[in-house]
Amino acid sequence: MPQSQAVVCLPTYNEHENLEPMVRALGDKGVRVLVIDDSSPDGTGELADRLASELDYVDVLLRGRKEGLGPAYLAGFRRALADGAELVLEMDCDFSHNPDDVPRLIAATDEGADVVLGSRYVSGGAIGNWGALRRFVSAGGSLYARILLGVGVRDLTGGFKCYRRQVLETIDLDAIHSKGYAFQIETTYRALRAGFRVVEIPITFVDREVGGSKMSKAIVAEAIWKVPRLRLAALRGRL
Ligand SMILES: Nc1nc2c(ncn2[C@@H]2O[C@H](COP(=O)(O)OP(=O)(O)OP(=O)(O)O)[C@@H](O)[C@H]2O)c(=O)[nH]1
Ligand SMILES: [Mg+2]
1107 MPQSQAVVCL PTYNEHENLE PMVRALGDKG VRVLVIDDSS PDGTGELADR LASELDYVDV
1167 LLRGRKEGLG PAYLAGFRRA LADGAELVLE MDCDFSHNPD DVPRLIAATD EGADVVLGSR
1227 YVSGGAIGNW GALRRFVSAG GSLYARILLG VGVRDLTGGF KCYRRQVLET IDLDAIHSKG
1287 YAFQIETTYR ALRAGFRVVE IPITFVDREV GGSKMSKAIV AEAIWKVPRL RLAALRGRL
């Protein structure tokens, strides 16, 4: 499969300083890049348009307002599928995810994975420069979801992922309403429920150096209440 059929969805909200270095860093990875900007007040969308006119591997999806990561990704997935992508990737635009890891995620699909997760919590994975509270919330969140959902995946909340086209065509994207970490948990859980092969590969995650975090208490709260609802839906055969 030519790698140009891989599309990296890059959601942005106020990532003006990170966007150009990230898009350029992805330039030699054999992927297309789809920037999904929710009308960032800092002009990230205008910058994305300029980059798209300069670089032929870049596309832009501009959305009217900030609705959270989940809806932005869903819009990006639909666009990537309509454009014929065979592989669809998710990645943060704050350098927490290393663009040099993209080929490793793609390579794992060649070895039979349907969904590849860049994982902080498998052997060889790591987190750099995060404080104790963020580590606790992240590790605790993944453990909570793993136990309640009864799955073996170690990193359920990470956002560095690669899906085969068929996965996104099979899971019911219209039924997904999660916005934050819950979106990552829900997409992986739906893929597992549908019988797809989910593989974790180790990554080192680092805290952003530029720009502000969009993490909020509401995003954490959503993940806490969504997880048992997902399990219940599965038990009732609705998922
Ligand atoms: N389009 C869009 N992008 C978003 C939205 N919220 C966050 N993002 C982007 O999604 C990616 C991850 O968001 P972050 O703010 O880094 O959230 P996080 O990684 O959970 O938090 P930190 O680790 O503290 O940075 C970044 O590229 C953000 O710009 C949103 O509502 N819409
Ligand atoms: Mg981040």
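The number in the numbering used here is simply the position in the sequence shown, starting from 1, with 1106 added. Idealized CB from N, CA, C, for every residue including glycine. Treat the numbers as computed from the prediction; the structure is a model and nothing was measured.
For a test of the three-state rule: what should DSSP assign to residue i, helix, strand or coil?
{"i": "Pro1308", "result": "strand"}
{"i": "Gly1246", "result": "helix"}
{"i": "Asp1143", "result": "strand"}
{"i": "Arg1171", "result": "coil"}
{"i": "Asp1134", "result": "coil"}
{"i": "Leu1345", "result": "coil"}
{"i": "Glu1126", "result": "helix"}
{"i": "Asp1155", "result": "helix"}
{"i": "Tyr1179", "result": "helix"}
{"i": "Glu1121", "result": "coil"}
{"i": "Pro1108", "result": "Low per-residue confidence applies at Pro1108: pLDDT is 47, beneath 50, and the placement is therefore not dependable enough to give any value."}
Within a Cβ cutoff of 7 Å, which residues of the same chain sit near residue i, ignoring the five residues on either side of it in sequence?
{"i": "Ser1284", "result": "Gly1176, Glu1292, Glu1328, Lys1332"}
{"i": "Gly1264", "result": "Leu1223, Gly1224, Ser1225, Arg1226, Gln1290"}
{"i": "Leu1298", "result": "Val1257, Val1304"}
{"i": "Ile1233", "result": "Arg1226, Arg1241, Phe1311"}
{"i": "Ala1131", "result": "Pro1205"}
{"i": "Tyr1250", "result": "Val1333"}
{"i": "Pro1209", "result": "Lys1135"}
{"i": "Ala1340", "result": "Arg1299"}
Per DSSP, which one or two residues make a beta bridge with residue i?
{"i": "Val1114", "result": "Val1139, Leu1195"}
{"i": "Leu1165", "result": "Reading the sequence as shown, one finds Asp at residue 1165 and not Leu. Asp1165 is bridged to Leu1140."}
{"i": "Arg1270", "result": "Leu1193"}
Beta-carbon of residue i versus every beta-carbon of chain B: anything under 8 Å?
{"i": "Lys1323", "result": "No chain B is present in this structure, which holds just one protein chain."}
Take residue i and list the residues in its own chain whose beta-carbon comes closer than 8 Å to its own, dropping the five residues that flank it on each side.
{"i": "Ile1282", "result": "Gly1176, Leu1180, Phe1289, Glu1292, Thr1293, Arg1296"}
{"i": "Val1228", "result": "Arg1260, Asp1261, Glu1306, Ile1307, Pro1308"}
{"i": "Tyr1287", "result": "Gly1247, Thr1263, Ile1325, Val1326, Glu1328, Ala1329"}
{"i": "Pro1147", "result": "Asn1120"}
{"i": "Ser1145", "result": "Gly1151, Leu1168, Arg1169, Gly1170, Arg1171, Lys1172"}
{"i": "Gly1133", "result": "Leu1161, Tyr1163"}
Who are the Cβ neighbours of residue i in its own chain at under 6 Å, not counting the five residues just before and after it?
{"i": "Leu1195", "result": "Val1114, Cys1268"}
{"i": "Val1166", "result": "Val1141, Ala1154, Asp1155, Ala1158"}
{"i": "Asp1143", "result": "Thr1118, Thr1150, Gly1151, Ala1154, Leu1168"}
{"i": "Met1107", "result": "With a pLDDT of only 43 at Met1107, under the threshold of 50, the placement of this residue in the model should not be trusted, and no figure is reported."}
Write down every uninterrupted run of the beta strand (DSSP E) in the stretch 1273-1336 whose length is 3 residues or greater and which is fully enclosed by it, in chain order.
1304-1308, 1310-1312
Can at least three beta-carbon pairs, one atom from the stretch 1109-1119 and one from the stretch 1168-1179, be found at a separation below 8 Å?
yes
Which runs of the beta strand (DSSP E) spanning at least 3 residues fall entirely within the stretch 1199-1267, listed in chain order?
1221-1225, 1232-1234
Can we say the stretch 1311-1328 touches the stretch 1267-1276, given the rule of at least three CB pairs closer than 8 Å?
no
Evaluate the contact criterion for the stretch 1194-1203 versus the stretch 1118-1128: three or more CB pairs, one atom per stretch, below 8 Å.
yes
Any contact between the stretch 1247-1255 and the stretch 1207-1222? By contact I mean 3 or more CB pairs, one from each, below 8 Å.
no
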